[in-house]
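These notes concern the structure reproduced below.
2 protein chains.
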Amino acid sequence: MARPRTFDEQTVLDAAVRQFRAGGYAGTSLDDISAATGLGRGSLYASFGDKHTVFIKALTEYVRQALVDTRAMLDGPDDSAIDRLHTWIVSGAGFVLDDDEHFGCMAGKFAVEVAETDQEAKALILGVFSQQQQILLDCVTAAQRHGDLAADANGCALACMILALNRGMDVMAKGGVARAALDAAAEQAFRGLPLTAAYRDRPARA
Amino acid sequence: MARPRTFDEQTVLDAAVRQFRAGGYAGTSLDDISAATGLGRGSLYASFGDKHTVFIKALTEYVRQALVDTRAMLDGPDDSAIDRLHTWIVSGAGFVLDDDEHFGCMAGKFAVEVAETDQEAKALILGVFSQQQQILLDCVTAAQRHGDLAADANGCALACMILALNRGMDVMAKGGVARAALDAAAEQAFRGLPLTAAYRDRPARA
DNA sequence: ACGGTTCTGTACTGAGTCGTCAAGAACTCG
DNA sequence: CGAGTTCTTGACGACTCAGTACAGAACCGT
């Protein structure tokens with residue numbers, strides 16, 4: 001029938017995500033993406049549309065992957081829910097600093113750069129924030145069921161607070177605040193959760 | 001001697017701050033600043049240097065003003081230190097949403113956009129974060145002296161945590177998370193501070 | 001009033017960017 | 001092998017932007 005494509009759509013999308021995460025929206029040209037993927041500009045336009053469309057597709061792909069990752073970290077049995085929360089909170093700084101390329105949350109980045117003027121992007125960003133809050137809420141509720149968090153605590157507020165803290169650690173890590181200070185802050189935040197006496201008295205784990 | 005300037009340097013700097021805060025570094029052209037100030041580009045270059053220099057000067061001016069504002073909110077007598085901390089924490093969302101132009105923290109914005117590649121900006125941003133942490137620490141220490149916060153709490157970690165939360169609320173507000181949710185999260189965070197029994201039992205204020 | 005100095009506005013250059021287009025390449029079906 | 005279809009490439013035009021240059025305007029001391 002016709003000439004087949006020589007590129008993998010997912011590969012191009014991943015490259016676009018990397019470029020936008022690294023350079024921002026205004027700071028990334030289609031030539032950058034073209035160079036990163038080896039694809040000519042014509043092919044890019046034919047397959048993905050204009051710059052904004054490429055951006056929205058890349059952001060959508062990031063959101064999809066981010067939610068998969070978030071669930072992988074937070075979903076699980078009730079008895080270890082509080083530990084998963086602890087890990088999530090404490091890994092806040094690492095989300096930026098451990099990454100080879102010092103990325104960080106793309107949703108946070110574009111919430112700051114373009115949400116004000118790009119309603120389509122803003123909707124995607126709000127979506128991922130909301131769903132991450134929901135995943136956190138599920139984990140908080142699990143910890144409450146297991147008796148590690150106070151049953152009368154406001155789970156929604158806790159989830160929102162934890163996510164905000166995570167986003168803030170991201171920003172501060174990018175601003176150069178020392179890893180040790182952020183880790184200590186994260187531990188402090190965890191101790192500020194409404195932990196039950198049962199949690200504090202539980203036997204230490206391996 | 002010579003022709004005097006028709007513009008006020010501070011006015012131009014303020015306009016530059018506004019433009020960069022609104023549009024980001026890559027998204028703001030010198031024409032934008034020129035238009036916003038009514039000043040020709042030639043005068044801009046003669047007085048402020050190239051784009052990056054203008055940006056650094058604008059960021060420096062923002063940092064100066066931000067520290068003045070932070071001190072105005074947090075400095076004060078020991079007996080109301082805990083209230084000032086409460087106000088600061090709870091005003092996190094308002095920092096974006098109450099502002100007429102929905103700005104938010106310029107340091108946070110550029111930590112995300114340019115800190116990775118612009119060491120000069122990164123140093124300024126780290127400076128404002130560090131000093132804000134110090135101001136918060138002073139306020140925390142004051143609250144400890146007055147017996148509202150546990151004396152054995154790690155003030156540095158608390159200060160860093162509170163600042164991270166503030167930055168994160170900023171990001172989430174820009175991402176469209178509802179004001180009510182952020183306010184509830186802020187209240188939750190405040191309750192997570194190591195408040196003393198003396199604070200909880202104190203008589204309600206006007 | 002006048003000369004010297006500084007400021008202002010605008011036009012220009014060179015580079016980069018977006019989006020399009022047309023010509024050629026690769027593949028499949030008949 | 002040929003026709004038709006789809007993909008790829010590179011170039012092109014219009015535009016924007018950063019930074020410079022130059023001519024003229026405004027001012028002050030003498």
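Protein chains in written order, with UniProt numbering: chain E, 1 to 206; chain V, 1 to 206. Note that beta-carbon positions come from the ideal geometry of N, C-alpha and C, so glycine has one too. Values in this document were obtained by computation on a predicted structure and should not be read as measured data.
Query raised in the report: Candidates 29/V, 4/V, 27/V, 33/V: which alpha carbon is nearest residue 11/V's?
Result: Counting from one through the second sequence, the residue named residue 11/V turns up at place 11. Closest by alpha carbon: 33/V.
Query - Proximal residues to residue 5/V (C-beta, below 7 Å), its chain only, five neighbours per side dropped - result: Position 5 of the second sequence, counted from the start, is the residue given in the question as residue 5/V. Taken in chain order, the list of residues that qualify is empty.
Report task. Can you grab the Cα-Cα spacing for the pair residue 28/V / residue 176/E, in whole Å? Result -> Taking the first residue of the second sequence as 1, we reach residue 28/V at position 28. Taking the first residue of the first sequence as 1, we reach residue 176/E at position 176. Taking the straight line joining both Cα atoms gives about 24 Å.
**Report entry** Sub-7 Å separation of residue 57/E and residue 30/E beta-carbons
**Finding:** Working through the first sequence from its first residue, we reach residue 57/E at position 57. Working through the first sequence from its first residue, we reach residue 30/E at position 30. Result no, Cβ atoms of residue 57/E and residue 30/E do not sit closer than 7 Å.
Query raised in the report: List, in order along the chain, the chain V residues whose C-beta lies closer than 7 Å to that of residue 209/E?
Result: Nothing can be reported for residue 209/E: it is not among the residues displayed for chain E, which extend from 1 to 206.
Query - the stretch 163-181 of chain E / the stretch 121-141 of chain V touching (three or more Cβ pairs under 8 Å) - result: yes
Query raised in the report: Between which two residues does the alpha helix (DSSP H) carrying residue 64/E extend?
Result: Your numbering for residue 64/E matches position 64 in the first sequence. Unbroken alpha helix (DSSP H) run through residue 64/E: 51-74.
Query raised in the report: For residue 201/E, does the count of other Cβ atoms within 10 angstroms reach 16, so buried, or fall short, so exposed?
Result: Counted from its first residue, the first sequence places residue 201/E at position 201. Counting Cβ neighbours within 10 Å, residue 201/E comes out exposed, since fewer than 16 surround it.
Query raised in the report: Taking only beta-carbon atoms, is residue 51/V less than 7 Å away from chain E?
Result: In the second sequence, the residue the question calls residue 51/V occupies position 51. It does not: the Cβ of residue 51/V has no partner Cβ on chain E nearer than 7 Å.
Query raised in the report: Nearest chain E C-beta to residue 56/V closer than 7 Å, yes or no?
Result: Indexing the second sequence from 1 puts residue 56/V at position 56. It does not; no Cβ of chain E falls within 7 Å.
Query raised in the report: Contact check, residue 142/E vs residue 78/E under 8 Å by CB: the rounded distance?
Result: Against the first sequence, residue 142/E aligns to sequence position 142. Against the first sequence, residue 78/E aligns to sequence position 78. Yes, residue 142/E and residue 78/E are in contact; Cβ-Cβ is about 4 Å, under 8 Å.
Query raised in the report: Per DSSP, residue 149/V is paired with what?
Result: Taking the first residue of the second sequence as position 1, residue 149/V is located at position 149. Answer is 195/V.
Query raised in the report: Would residue 112/E count as contacting chain V if we go by Cβ distances under 7 Å?
Result: In the first sequence, residue 112/E corresponds to position 112, counting from 1. With 7 Å as the cut-off, residue 112/E counts as an interface residue toward chain V.
**Report entry** Any chain E beta carbon closer than 7 Å to residue 206/V
**Finding:** To locate residue 206/V, count along the second sequence from 1; it is residue 206. In this prediction, residue 206/V scores a pLDDT of 46, lower than 50, which makes its location untrustworthy; the coordinate-derived value is nonetheless stated afterwards. Residue 206/V does not count as touching chain E.
Query - Ordered list of alpha helix (DSSP H) runs contained in the stretch 84-142 of chain V, each at least 4 residues - result: 94-97, 106-113
Query raised in the report: Do you know offhand how far residue 179/V's Cα is from residue 189/V's?
Result: In the second sequence, counting from the first residue as 1, residue 179/V sits at position 179. In the second sequence, counting from the first residue as 1, residue 189/V sits at position 189. Cα to Cα, the separation comes out at about 15 Å.
Query - Per-residue contacts from residue 167/V into chain E (C-beta, under 7 Å) - result: If you number the second sequence from 1, residue 167/V lands on position 167. Within chain E, the residues near residue 167/V are 168, 171, 172.
Query - Per-residue DSSP class, three states only, for residue 3/E - result: Within the first sequence, numbered from 1, the residue matching residue 3/E stands at position 3. Residue 3/E: coil per DSSP, three-state reduction.
Query raised in the report: If you follow the alpha helix (DSSP H) that residue 45/V is part of, which residue opens it and which one closes it?
Result: In the second sequence, counting from the first residue as 1, residue 45/V sits at position 45. 41-48 is the span of the alpha helix (DSSP H), which, as asked, contains residue 45/V.
Query - Nearest candidate by alpha-carbon position, reference residue 64/V, set 198/V, 152/V, 13/V, 193/V - result: Numbered from 1 along the second sequence, position 64 holds the residue referred to as residue 64/V. The option with the nearest alpha carbon to residue 64/V is 13/V.
Query raised in the report: Quick one: which chain V residues come within Cβ less than 8 Å of residue 182/E?
Result: Here residue 182/E corresponds to residue number 182 of the first sequence, with the count starting at 1. Simply 160, 164.
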